[in-house]
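Numbering (my numbering), first residue to last: 507 to 925. Every residue gets a Cβ at the ideal spot worked out from N, C-alpha and C, and that includes glycine. Since the model is a prediction, treat every value here as computed from it, not as a measurement. Take a look at the structure set out below.
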Amino acid sequence: MIDNDISYVKPPVRIVLIGAGNRARTYMHYVKINPDKAEPVAVVEPDKVRRDFLADQFGIPEEMRFCSCKEFFALPRVADAAIICTPEKLHYEHCMLAIDAGYHILLEKPIAQTYEQCVEIARKAEERGLQISVCHVLRHHPLFAKIKDLIDSGKFGDIISICHTEEVGIDRYTHSYVRGTMNSEKGNNPMLLAKCCHDLDFLLWISKARCCKVSSLGSLKWFREENAPEGSASRCIDCRVEDKCPYSAIDLYKRRRDWIGNFIPAPGEMIDDVIDHELENGRFGRCVYHCDNDVADNQVVTMEMDNGMLISLVINVFTQRDCRNIEIKMTLGEISCYGDLIKARNFRSRETSTYDFSHLNKIPHHGGADMAVIGNFIESLLDPESTLISPISVALESHHVIFEAERSRHTGKTININK
507 MIDNDISYVK PPVRIVLIGA GNRARTYMHY VKINPDKAEP VAVVEPDKVR
557 RDFLADQFGI PEEMRFCSCK EFFALPRVAD AAIICTPEKL HYEHCMLAID
607 AGYHILLEKP IAQTYEQCVE IARKAEERGL QISVCHVLRH HPLFAKIKDL
657 IDSGKFGDII SICHTEEVGI DRYTHSYVRG TMNSEKGNNP MLLAKCCHDL
707 DFLLWISKAR CCKVSSLGSL KWFREENAPE GSASRCIDCR VEDKCPYSAI
757 DLYKRRRDWI GNFIPAPGEM IDDVIDHELE NGRFGRCVYH CDNDVADNQV
807 VTMEMDNGML ISLVINVFTQ RDCRNIEIKM TLGEISCYGD LIKARNFRSR
857 ETSTYDFSHL NKIPHHGGAD MAVIGNFIES LLDPESTLIS PISVALESHH
907 VIFEAERSRH TGKTININK
């Protein structure tokens with residue numbers, strides 16, 4: 507057990523993992539290389555294979571492996587912080603349990619499913635004197651930090667407009683938002699919140715302005731049953747046109763071996779056994795035209811800021827690229843970023859500076875940004891002089907804009923946002 511004073515944290519920070527999926531496994535790489543700063547002491551995960559897979563790596567004893575959050579949080583506090591990487595629809599419940607039990611929180615985005623829930627989590631944590639860091643990874647990524655540094659330098663004047671495109675990538679979209687667990691707005695969240703809250707947070711971060719008006723258009727246009735080709739079937743293994751389909755699950759998982767990171771074999775199984783099971787019986791073997799998805803596959807968001815700046819966000823899934831592109835138009839110059847390359851141009855001197863971040867492709871975990879996310883959280887608990895880069899108090903603003911943008915998309919109205 508640890509000291510009951512929730513403000514007292516000494517190295518290594520003792521953490522409990524709430525959820526043992528891909529995101530939790532990613533953050534645990536930080537612990538492997540910084541055992542003096544953080545130590546996992548418990549894991550909560552309903553899936554035994556995932557629970558044991560992660561717990562075995564760190565020698566977490568059997569009595570500290572739990573199936574349910576309610577079971578764990580009913581115990582006296584055994585750690586300093588909780589890393590919450592559970593399905594998005596459970597974030598509110600799990601955050602409230604963790605706060606009641608006195609845990610600081612590293613929370614995978616998004617915060618929760620409604621703005622009211624987000625505000626309640628932030629309010630309750632503040633009352634208890636607890637820190638919550640939201641995993642908005644772009645704030646920690648060297649490329650996006652460089653864009654902000656260029657803007658803040660003053661060399662390019664004031665921002666007039668920003669056009670930002672989120673290239674989600676067709677494989678990611680069909681895996682996560684058509685076949686996967688994030689394919690339902692009601693059961694999970696709209697894609698604007700689930701995938702692009704990073705982007706809205708980044709845009710507000712670099713603009714240093716408040717969104718006062720937002721509108722959005724978007725729909726589920728293509729991945730619908732009426733668009734299924736003749737000869738298709740409910741599962742790719744039974745489909746007569748599978749060999750011609752660009753969205754084939756057999757091609758994605760079995761031939762190309764992509765997007766299988768969350769296919770974890772049970773003891774005695776091989777990865778091919780898991781892939782075959784998914785193709786024959788699992789959700790990831792389903793035809794993209796015959797799923798139960800309702801998440802938009804195309805969307806545009808436009809924002810007017812309180813200083814007159816205009817910002818647009820375009821979400822594009824019909825692309826093989828998985829990157830972000832941005833054009834920033836300013837009074838004394840312009841800054842553009844396509845994939846890994848930033849170009850900054852000055853109108854007066856006509857000079858163009860180029861910054862190539864392609865070397866980050868060789869660094870895992872979003873070019874090291876994921877490690878910076880958890881590193882900043884751990885340092886904020888160890889060092890009173892350290893500050894959170896993405897505290898929940900800041901993340902609330904971008905979430906608010908997203909919820910209002912979704913209200914605009916569903917009502918067809920432009921939404922005026924009050925403070």
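- Cα atoms of Val780 and Arg520: separation of roughly 33 Å, rounded to the nearest angstrom.
- The beta strand (DSSP E) runs of length 3 or more contained entirely in the segment 593-617 are, from start to end of the chain, 610-613.
- In the three-state reduction of the DSSP assignment, Asp764 falls in the coil class, being assigned neither a helical nor a strand state.
- Straight across, the Cα-Cα distance linking Asp606 with Ala585 is about 14 Å.
- Met809 sits away from Leu902, with the two beta carbons spaced by 9 Å or more.
- According to the DSSP assignment, Glu626 belongs to the alpha helix (DSSP H) that extends over 621-634.
- Under the three-pair Cβ rule at 8 Å, the segment 516-531 counts as touching the segment 580-594.
- Taken atom to atom, the span from the alpha-carbon of Trp728 to that of Glu672 is near 18 Å.
- Lys835 sits in a strand when the DSSP states are folded into three classes.
- About 21 Å separates the beta carbon of Tyr679 from that of Asp876, a gap too long to meet the 8 Å contact definition.
- Counting the other CB atoms within 10 Å of its CB gives Pro616 a total of 16 or more, which places it among the buried residues.
- In the three-state DSSP reduction, Met776 falls in the coil class, being neither helix nor strand.
- Rounded to the nearest whole angstrom, the C-alpha separation of His647 and Glu736 is 45 Å.
- The C-beta of Met836 has 16 or more other C-beta atoms within 10 Å across all chains shown, which makes the residue buried.
- For Cys573, the CB contacts under 6 Å within the same chain, skipping 5 residues up- and downstream, are Pro552 in chain order.
- Beta bridge pairing from DSSP links His670 with Leu819, Ile832.
- DSSP, reduced to helix, strand and coil, places Arg730 outside both helices and strands of the structure shown, so it counts as coil.
- In this structure, Val555 sits away from Arg571, with a CB-CB distance that is not shorter than 9 Å.
- For Leu699, the uninterrupted alpha helix (DSSP H) segment begins and ends at 697-700.
- Check the Cα spacing between Phe559 and each of Asn768, Val684, Ile834, Asp764: the tightest is with Asn768.
- For Asn804, the uninterrupted beta strand (DSSP E) segment begins and ends at 804-811.
- Distances from the CA of Glu833 to each of Ser721, Arg854, Glu622, Lys654 were compared; the closest alpha carbon is that of Lys654.
- A residue is called buried when at least 16 other Cβ atoms come within 10 angstroms of its Cβ; Arg792 meets this threshold and is buried.
- With respect to Ile848, Leu644 sits apart: the two C-beta atoms are not nearer than 9 Å.
- The segment 908-922 and the segment 711-723 touch, with three or more beta-carbon pairs separated by less than 8 Å.
- Just so you know, the alpha carbons of Glu632 and Asp889 end up roughly 19 Å apart.
- Runs of alpha helix (DSSP H) with 4 or more residues, each lying fully within the segment 851-885, are found at 870-873, listed in chain order.
- Secondary-structure assignment with DSSP links Ile848 through a beta bridge to Cys843, Tyr861.
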